[in-house]
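In what follows, a single structure is set out as structure tokens and then discussed.
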Amino acid sequence: MRVTLKNTVFAVLLLLSLVFVSFQPVHAQDYSEPTNPVDEESDFIDSFTEMLPGIYVSWDWWNETSQDVYDEYPFYEDDGCFQYNFSVVAENGSIYTVQENYTFSYQMNWTFSNLMITILLDPDGTFYNWLVSQPDSIDPWMYYWYPDVSALSGDEVFIYSSFYYMDYYYYYDYYSEFTWYNSDMVEVDPNEVIPILSEEYEWASYANQTYDVEDEYTYTSFGYDISEMMLAENTTRWMEHYFLGMSVFNDTNDNGIMDNVYEPIEYDFDEDGETDWTEYVMLLDQSEITHEFYAEHAEVGNIQTPYLNADNEIQWSAEVTDIEGSLWGTYPWVGGTLNYYGNGDDIEVPSEFIEPISVNIERLEMVYKFSATDDAAVIKIDQHVGDFTDPDTGQIHSKLDGLSLSLNYWSSFSSVTVIESEDDWDVSAPVLINPSGVLSIRESTNDFATIDFGGTYVWGKDGTTHDVGTTAIPIYNITGCYCYGFSTQEGTAYTEEYTYSMYYYSSCYGEWSGYSITHDPVFSVYPMKAPGIVSQLVFNVYTTSIILASVAIISIGAIAYRIRKLN
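According to numbering that gives the first Met the number 0, the sequence shown is numbered sequentially starting from 0.
This is the structure:
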């Protein structure tokens, strides 16, 4: 009896120790120092690390060049073995042969880099536990676009943050000469034949000279984007945000906003009398935009992988330096529109060419800071745009004095209902709240995502703080599986299964004149189960387990004491 009681006590102690250990809080590894990334490949699932309780992070730094892809350097050259013949007919019916001999050489190389950060906010750990049981071969984006909703409890937010850089170079040299022959293949003077060509062969008049064309083309592209996914009751939602670039505008009314005028063009594809799609075309002769920036070359700067900063936020960053490019002017179409999408048949030719402004930009940096509040997953981006300088003088470009700058973005919001319902449910269109510069995406009266692209910015000229001007335009909104419709800011769309909307918006910096800008927009997602509530539940379970374990240990201690007395 005493032996059995002892064994029982030991078994209970062992069981309680296992329970106690199972509810130990997760202590993150030391991520307090930023690191520079190295090229490495790892399985997507295995690469997740719990940097904070309930916050799992994975990252990948990927570099690839044309030399990596091709066994040989992608260069081709030939010394003139190309020949092409075609025939032409004169007015008198005589046939002539034109022989073209040409050489063509080219050179092409490129570099591509990508920093991908994946964050899974999962306070109760249900989705992460399901994730680690999946095969490593599955593409990471499958979990974003096609999540297993049975594994989602509603407290999760899936976030992808990407920085990409591509540098492309292309060179070609083309040399061509023509020789004309009569029907007996005797060489003739093309200047004597061209005037007597029949009308349908007059196009061949170009073949009476030598062509030597040499050119090179460089292109640098870099960008930043954020993608978010979450479950809200019976609906999976996706939010995507992209950095589009920079524009210069002349703030003629001094309101700090790039005032552009758009003309809505409505489409009724199924001719049912309802608008299926609305397109907005900018009227440039009535808008304040003057230039758009295009990069020609840049270098990848400092890249930092995720670490815990002093504020216990998960931080990472990406930087582009030594940016060379041009500000291309927009054309003041007289009484017309700049035809982006081919509406209408007549395209007017601008009266004069606007010479682009060559500029160098010191650097462009995005510093990301992720945190989980009691009710939201939040990413704040400290974005810094360096000085715009004159390549010849190295000073702030004088042509930018008095002008303003805007950083442009577009965001899309889509959702799919997981469980079909015969009853309609109300989905309000995204609402722009002026003048605060907050784009709120909401269902009924509850926000499930917000973008705060207003606030204040620091002007590099003198370090002063100024208000950010904001402007937005709804591009289109699609609702339903087969029923499509555009929805204004005040309107409401009804759907049972699918919604999609897209917005262009800009953060405007009225005081600029070419000097650096520092601004921090904030992107927030509100999961169905607030992180604070779930964390409190987990904490309560953990605390309860400690109390129960303590009481049990005291009780078992008393039992053990009685056993000793019985001995």
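Think of the CB as a built atom: it goes at the ideal place given N, C-alpha and C, for glycine as much as any other residue.
Computed from a predicted model, the values in this text were never measured in an experiment.
- In the DSSP assignment, residue 139 falls within the unbroken alpha helix (DSSP H) covering 139-144.
- With a threshold of 16 other beta carbon atoms within 10 Å, residue 144 falls short and is exposed.
- The C-beta distance from residue 521 to residue 451 rounds to 4 Å, short enough to fall under 8 Å.
- Residue state for residue 260 is assigned as coil, using DSSP reduced to three classes.
- Contact between residue 514 and residue 400 does not hold, since the beta-carbon distance rounds to 10 Å and is not under 8 Å.
- Residue 384 and residue 289 have their C-alpha atoms spaced approximately 19 Å apart.
- Going by C-alpha positions, residue 261 is about 12 Å away from residue 503.
- Close CB contacts of residue 512 within its chain, under the 8 Å cut and outside five residues either way in sequence, are with 395, 399, 400, 401, 402, 460 (chain order).
- DSSP places residue 191 inside the alpha helix (DSSP H), whose first and last residues are 189-192.
- Judged by DSSP secondary structure, residue 109 falls within the beta strand (DSSP E) whose first and last residues are 94-120.
- The three-state reading of DSSP puts residue 127 in helix, counting H, G and I together.
- With respect to residue 357, residue 248 sits apart: the two C-beta atoms are not nearer than 8 Å.
- Following the DSSP letters along the chain, one finds residue 245 inside the beta strand (DSSP E) bounded by residues 234-248.
- Assignment of residue 309 by DSSP, reduced to helix, strand and coil, places it in the coil class.
- Look at the beta carbons and you see the stretch 86-102 touching the stretch 202-219: at least three pairs across the two are nearer than 8 Å.
- Shortest Cα-Cα distance from residue 86 to any of 128, 196, 138 involves 196.
- Rounded to whole angstroms, the Cβ separation of residue 291 and residue 255 is 19 Å, and the two are not in contact under 8 Å.
- Residue pairing by DSSP puts residue 266 in a beta bridge opposite 276.
- Comparing C-alpha distances from residue 130 to each of 468, 48, 184, 359 shows the shortest one belongs to 48.
- Non-local C-beta neighbours of residue 236 in its own chain, meaning closer than 6 Å and more than five positions away in sequence, comprise 229, 414, ordered along the chain.
- Our two residues, residue 448 and residue 381, have alpha carbons roughly 19 Å apart in a direct line.
- Between the stretch 213-230 and the stretch 154-165, the count of C-beta pairs closer than 8 Å reaches three or more; the two stretches touch.
- The Cβ atoms of residue 217 and residue 295 lie closer than 8 Å to each other.
- By the C-beta criterion, the stretch 101-114 is judged to be in contact with the stretch 160-177, since at least 3 inter-stretch pairs fall below 8 Å.
- Two segments are said to touch when three or more pairs of C-beta atoms, one from each, lie closer than 8 Å; by this definition the stretch 320-327 touches the stretch 297-308.
- For residue 213, the three-state secondary structure derived from DSSP is strand.
- Under a 10 Å Cβ-count criterion, residue 123 is classified as buried, with 16 or more other Cβ atoms of the shown protein chains found around its own Cβ.
- Taking C-alpha positions only, residue 379 is separated from residue 166 by approximately 28 Å.
- The three-state reading of DSSP puts residue 515 in coil, since its state is none of H, G, I, E or B.
- Comparing C-alpha distances from residue 525 to each of 370, 498, 467, 508 shows the shortest one belongs to 370.
- For residue 51, the enclosing beta strand (DSSP E) covers residues 48-51.
- Residue nearest to residue 202 within the set 466, 373, 88 is 88 (criterion: CA-CA distance).
- For residue 452, no beta strand (DSSP E) run applies, since DSSP gives it neither H nor E.
- Going by C-alpha positions, residue 111 is about 29 Å away from residue 328.
- Secondary structure note for residue 376: its beta strand (DSSP E) is the uninterrupted segment 376-384.
- Relative to the Cα of residue 188, the nearest Cα in the group 61, 309, 127, 95 belongs to 95.
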